[in-house]
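Asks:
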Amino acid sequence: MSSWSVTPVTRLEGRIRVPGDKSVSHRTLMLGAIAEGTTTADGFLASEDCLATLKALAALGVKIDRPTATSVRIEGVGLRGLRGTTAALDMGNAGTAMRLFMGLLSGQSFDATLIGDSSLMRRPMERAAAPLRLMGASIETREGKPPVVIRGGRDLMGIDFDMPVASAQVKSAVMLAGLYARGSTRVTEPAPTRDHTERMLQGFGVDVRREGATVSVHAPAKLAGCHVDIPADFSSAAFFMVAGCLATAGELHLERVGMNPTRTGLLEILLAMGANIEVRDLRTAGPEPTADLIVRPSRLRGIEVRPDWVPLAIDEFPVFFIAAACAEGESLLRGAEELRVKESDRLTVMSAGLTALGVAHELLPDGMRLTGARGEDPVFQSGRIDSHGDHRIAMSFAVASLRATGPIEIDDTANVATSFPGFADLARACGLQLREVT
Ligand code: S3P
């Protein structure tokens, strides 16, 4: 098992670009695969999750080259050009890959089976399977979980779907199936979720419309290959945003960070907590806005997280809890029960980690209440964390080292490569004292 030992430091400094956006990288591969013509992308995230999507598409007959480590060239096969395979498609740790493939594969002429690693095999898939069945898809799960078996050769019909959970993955699965359905497919969200699928489909020339909380896609659809400029992943930048605030000296420059407003909930939260983060050079290149972020040591205040921020910061709550533990006064998160069905049960696993480091808090069914510390004094005792193979838990506790009395040992860190290959090197380059132990 791989582990980290992270020793406290006070100064963080550097100019870095974190790797490409995971959500946009998955979608670039999938949309490029079913487009007519060639799609190219820069800033591609070559992480284990995205490579699982790439390998699955290759198994379905799509030629994908990687001219450089961070670029891809996809020879699109058109909407009806994917070829079946008898081998199960392995999504690894990637929930996004599995749910988006469920939508994409519902409209094919062949059968397909989706499997994943031990974490993914425990995650709920009915949330995507149920609306796809309403469209006419044939999908079986094992008690709601993978393996997911999709039978091909079905005629799909557009639906009007009132989505019960605020999930971009479910919305995207239904929209991808909608490309193969007769008529229009409409999804109404209970709260805004990341809108990369909508933006990117439009970039590939598909007629996608939004009216209030409802997004619709109109078939027959045809995607035209294009170039995608993939921004640095806001969710990866988030660890350095919090780290730069918790440091007591230095300054971090995070370059070309994705600033899609459906992703930047943590920035809103940190700014409301008093974070010293400057947004510079906000610009749009391709479908997604980007900016440079300058992060400086900050005195944070506790916060009650607004309910509408929850889906917009859904992947950032592990590192938010670290920030909240270092913020003066009480912080409260409610309405975030979705955290229990991520790569781990992030409420329980973060609570166990905070307890191991001596941070008093109250674990709630749908969130957490914490009372943070004053000033710049250490907040976390030295201790050992089990990340439960969850990349974002491991990176969050590495950030906690900035306010720790002694080393923090973090176990089961290999899965950091699912979203952020090179995190340890980049963290060290900025001044974190992170040692990898196997
Ligand atoms: C994602 C959507 C989110 C997020 C995940 C990526 C996406 O999941 O947690 O990391 O790319 O659509 P939900 O939509 O299920 O909340």
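Counting from 1 along the sequence shown, just add 45 to a position and that's the residue number in our numbering. We treat Cβ as the ideally placed atom computed from N, Cα and C, and that holds for glycine.
1) Looking at C-alpha atoms only, which residue of Met-166, Thr-158, Tyr-225, Gly-434 is the closest neighbour of Ala-133?
2) Run through the segment 133 to 198 for me and flag every whole beta strand (DSSP E) of 3 or more residues, listed as ranges in chain order.
3) State the beta-bridge partners of Asp-205 as determined by DSSP.
4) Compare the Cα-Cα distances from Val-394 to each of Pro-423, Phe-442, Asp-353 and report the closest residue.
5) Considering only heavy atoms of the ligand S3P and the C-beta of each residue, which residues fall inside 6 angstroms, strictly closer?
6) Is the segment 286 to 301 touching the segment 347 to 358, taking contact as three or more C-beta pairs under 8 angstroms?
7) With DSSP as the reference, label Glu-481 as helix, strand or coil.
8) By alpha-carbon positions, which one of Ala-474, Glu-481, Pro-466, Arg-473 ends up nearest to Gly-65?
9) Counting pairs of beta carbons, one from the segment 110 to 130 and one from the segment 180 to 192, are three or more of them closer than 8 angstroms?
10) Considering only residues of the same chain and omitting the five flanking positions on each side of Gly-140, which have a CB-CB separation below 7 angstroms?
11) Can you grab the Cα-Cα spacing for the pair Leu-149 / Leu-224, in whole Å?
12) Determine the direct distance from the alpha carbon of Leu-311 to that of Gly-398, and round the result to whole angstroms.
13) Quick check on the DSSP output: the alpha helix (DSSP H) that includes Leu-224 runs from which residue to which?
14) Since Ala-277 sits in a beta bridge, which residues does DSSP pair it with?
15) How about Ala-368 and Leu-315: do their beta carbons lie closer than 8 angstroms?
16) I'd like to know whether the C-beta atoms of Val-253 and Val-232 end up nearer to each other than 8 angstroms.
17) With H, G and I counted as helix, E and B as strand and the rest as coil, what does DSSP make of Lys-216?
18) Between which two residues does the beta strand (DSSP E) containing Asp-87 stretch?
19) For a quick check, are the C-beta atoms of Ala-401 and Gly-434 less than 8 angstroms apart?
20) Count Cβ pairs between the segment 374 to 388 and the segment 255 to 274 that sit closer than 8 angstroms; are there 3 or more?
21) Please tell me whether, using a cut-off of 7 angstroms, the distance from the CB of Thr-85 to the nearest non-hydrogen atom of the ligand HEM is below it.
22) Taking Ala-112 as part of the beta strand (DSSP E), name the residues at either end of that continuous run.
Replies: By the coordinates alone:
1) Thr-158
2) 157 to 160, 183 to 187, 190 to 196
3) Arg-231
4) Phe-442
5) Ser-68, Thr-141, Ser-212, Ala-213, Gln-214, Ser-217, Thr-238, Arg-239, Ile-359, Asp-360, Glu-383
6) no
7) strand
8) Pro-466
9) no
10) Leu-165, Arg-168, Gln-214
11) 8 angstroms
12) 21 angstroms
13) No alpha helix (DSSP H) holds Leu-224; DSSP gives it neither H nor E.
14) Gly-65, Val-302
15) yes
16) no
17) helix
18) 81 to 87
19) no
20) no
21) Absence of the ligand HEM from the depicted structure is noted, with the ligand S3P being the only ligands included.
22) The sequence as given places Pro at residue 112; Ala does not occur at that position. First-last of the beta strand (DSSP E) with Pro-112: 108 to 113.
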